[in-house]
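Working notes, structure below.
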Amino acid sequence: MFPFGTRRSAKRAVRRGAAQLTKLLTAAAKPPRSAVRTKPKAAAKVAGIKKAGAPKTGTPKTGTPKTGTPKTGATVRARKADASRKAPGRFVAIDQLRVHTIVRGRGRPVVLLHGNGTMAEDFAICGLIERLATRYRVIAIDRPGFGHTARPRARIWTAVEQAALVHRVLEALKVERPLVVGHSWGTLVALALAAGGLRELRGLVLLSGYYYPSRRADVTLSKTLAMPGIGEAARAMMNPAMGRLVAAQAFRHVFRPQAVPPRFEAEFPVEIAMGATQLRASTEDASTMNTAASGLQQTYPRLQLPVAILTGDADAVVDVDEQSRRLHGEIAGSTLKVLPGLGHMIHYAGIGPVERAVDDLMAPAGKAPKAPRMSTPVGAVPGRA
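Numbering (the numbering used here), first residue to last: 4 to 388.
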């Protein structure tokens with residue numbers, strides 16, 4: 004969700020952000036001016052040294068020196084933000100990793116995989132979980148490091164590794180032959196799950212996806228932020244006020260040309276999205292997206308399952324022709340629907356076509372179930388005019 008597009012204005016914005024980040028990190032590394040200019044006499048007082056007189060008696064206070072990265076106020080706030088919001092779903096334990104899932108409804112299974120920078124709750128806020136749960140068993144999964152799922156550092160969380168984790172989660176939930184819906188970065192995990200052949204899938208619904216490597220300024224910046232030390236320092240500087248400003252800019256970008264929906268503004272957990280864990284996950288995923296796409300693209304022509312591809316023709320994050328149209332040409336029997344005037348978050352303004360794509364792949368030919376009418380419009384907050 005957060006990666007910027009390939010337009011020149013976006014590249015300039017990313018370069019400016021990188022330059023500002025470099026200045027901040029350089030300034031943070033310098034000792035404070037007051038410490039540099041401390042006079043010897045003052046320094047002696049600070050150190051507790053006296054020029055004359057008997058030394059103090061008694062047992063000196065000792066202690067084990069603290070090691071590791073110091074906890075700044077911003078770091079502590081970020082960690083608290085990660086855990087402060089109550090998880091709306093249930094956890095599935097996979098090798099000591101507690102994976103957060105939102106499970107609703109009954110029937111044949113539909114699995115939802117979110118994009119970069121978001122989480123499983125995104126599908127609840129847009130209304131897709133509620134609408135699909137009237138006739139399907141819906142399982143939305145927080146990918147590693149997003150929402151309420153941790154991201155262990157001992158593992159490199161490539162799209163293939165994340166697909167293997169999703170497979171284990173579905174196994175634990177006794178899910179058989181699911182339809183997998185992926186949005187943005189989540190499409191890479193969906194395609195890796197299909198290509199790996201770990202389980203039989205009913206089909207794929209791919210929304211605003213990224214399928215082929217390309218030159219992107221955000222990938223370069225993310226590689227820098229994903230480096231140990233630099234990333235931690237940058238995230239420590241992200242106080243709540245700065246986090247809200249960065250998030251607001253990112254939201255406007257990914258929803259463009261649509262406005263950010265009121266319900267999204269009211270309910271999306273920004274404190275988690277801008278917390279230390281999810282920021283690290285976002286930068287790591289963004290830095291590896293070209294590698295992931297490059298490794299998967301050779302498998303596309305060999306896919307032997309129904310695939311529905313949906314995208315907006317006004318997407319400011321991914322190029323429609325270079326990504327969705329090209330994929331449609333490589334997967335035999337796939338369908339492509341380009342939604343006019345819609346941006347990257349098509350599961351909001353384009354929730355109707357997304358829902359119909361799910362129904363088309365879930366039902367026998369010509370017998371797709373009729374989607375029920377919803378009393379509350381998507382993007383609106385119940386109780387608000």
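The beta carbon of each residue, even a glycine, is placed where N, CA and C say it ideally should be.
Reduced DSSP secondary structure (H/G/I, E/B, other) of residue i
i    : result
V192 : helix
R359 : helix
L345 : coil
I159 : coil
R107 : strand
I354 : helix
R101 : strand
P112 : strand
H151 : coil
A143 : strand
L207 : strand
T286 : helix
T338 : strand
L299 : helix
G120 : coil
R202 : coil
V249 : helix
G216 : According to the sequence as given, residue 216 is Pro; it is not Gly. The answer is coil: DSSP assigns P216 none of H, G, I, E or B.
A84  : Confidence at A84 is low in this model, with a pLDDT of 46, below 50, so its placement is unreliable and no value can be given for it.
T174 : In the sequence under discussion, the amino acid at residue 174 is Glu, which differs from the Thr named in the question. Reduced to three states, the DSSP call for E174 is helix.
D318 : coil
G234 : The predicted model places G234 with a pLDDT of 48, which falls under 50 and marks its position as unreliable, so this point remains unresolved.
R255 : helix
P304 : helix
Q165 : helix
Q281 : helix
Q261 : coil
E179 : coil
A197 : helix
A389 : Residue 389 lies beyond the residue range present for the chain, which begins at 4 and ends at 388; the question has no answer from this structure.
V323 : coil
A47  : Note that A47 scores a pLDDT of 39, beneath 50, so its modelled location is shaky; the value from the coordinates is reported in the next line. The answer is helix: DSSP assigns A47 an H, G or I state.
Contact check, residue i vs residue j, beta carbons under 8 Å
i    : j    : result
Y213 : Q300 : no
A166 : A123 : no
G353 : L342 : yes
E274 : R88  : yes
H151 : H103 : yes
A197 : L116 : no
T280 : G148 : yes
E270 : I128 : yes
G120 : S211 : no
Y351 : P264 : yes
Top-ranked residue by Cα proximity to residue i, from the options
i    : options                   : result
V310 : G148, R328, V208 and D288 : V208
D318 : L345, L116, P91 and A335  : L345
K340 : A360, H347 and T190       : A360
L173 : A289, T121, R140 and R156 : R140
L308 : E203, G150 and Q252       : E203
P304 : A279, S290 and L330       : L330
E358 : L201, E274 and F126       : F126
R255 : R146, L100 and M348       : M348
A157 : P367, L313, L100 and V323 : L100
H186 : S327, L168 and A96        : S327
V183 : I144, A175 and R218       : I144
N293 : T302, E133 and S217       : S217
G355 : I132, A90 and D98         : I132
T338 : T302, V263 and D363       : D363
A176 : G200, F94 and L210        : The sequence as given places Leu at residue 176; Ala does not occur at that position. Nearest of G200, F94 and L210 to L176, Cα basis: F94.
P367 : G206, S290 and T302       : G206
A295 : A162, Q252, F267 and V257 : A162
A96  : G130, L168, R138 and E164 : L168
L302 : R180, A335, A90 and V263  : Here residue 302 turns out to be Thr, not Leu, going by the sequence shown. The residue with the shortest Cα to Cα distance from T302 is A335.
A251 : E268, Q261 and P260       : E268
R247 : A90, S297 and P272        : P272
For residue j and residue i, believed in contact at Cβ under 8 Å, the rounded distance
i    : j    : result
V114 : L135 : That belief does not hold up - the Cβ atoms of V114 and L135 are roughly 11 Å apart, past 8 Å.
V106 : I142 : 5 Å
R146 : V192 : 7 Å
G92  : G189 : The pair is not a contact, with the Cβ atoms about 17 Å apart (cut-off 8 Å).
M277 : R111 : M277 to R111, Cβ: 36 Å. No contact.
V320 : V249 : Not a contact, Cβ separation roughly 16 Å.
Where the beta strand (DSSP E) containing residue i begins and where it ends
i    : result
F94  : R93 to I97
T314 : V310 to G315
V184 : L182 to H186
First through last residue of the alpha helix (DSSP H) which encompasses residue i
i    : result
H331 : R329 to E333
A276 : V273 to A276
R134 : L131 to L135
P391 : Residue 391 lies beyond the range of the chain shown here (4 to 388); nothing can be said about it.
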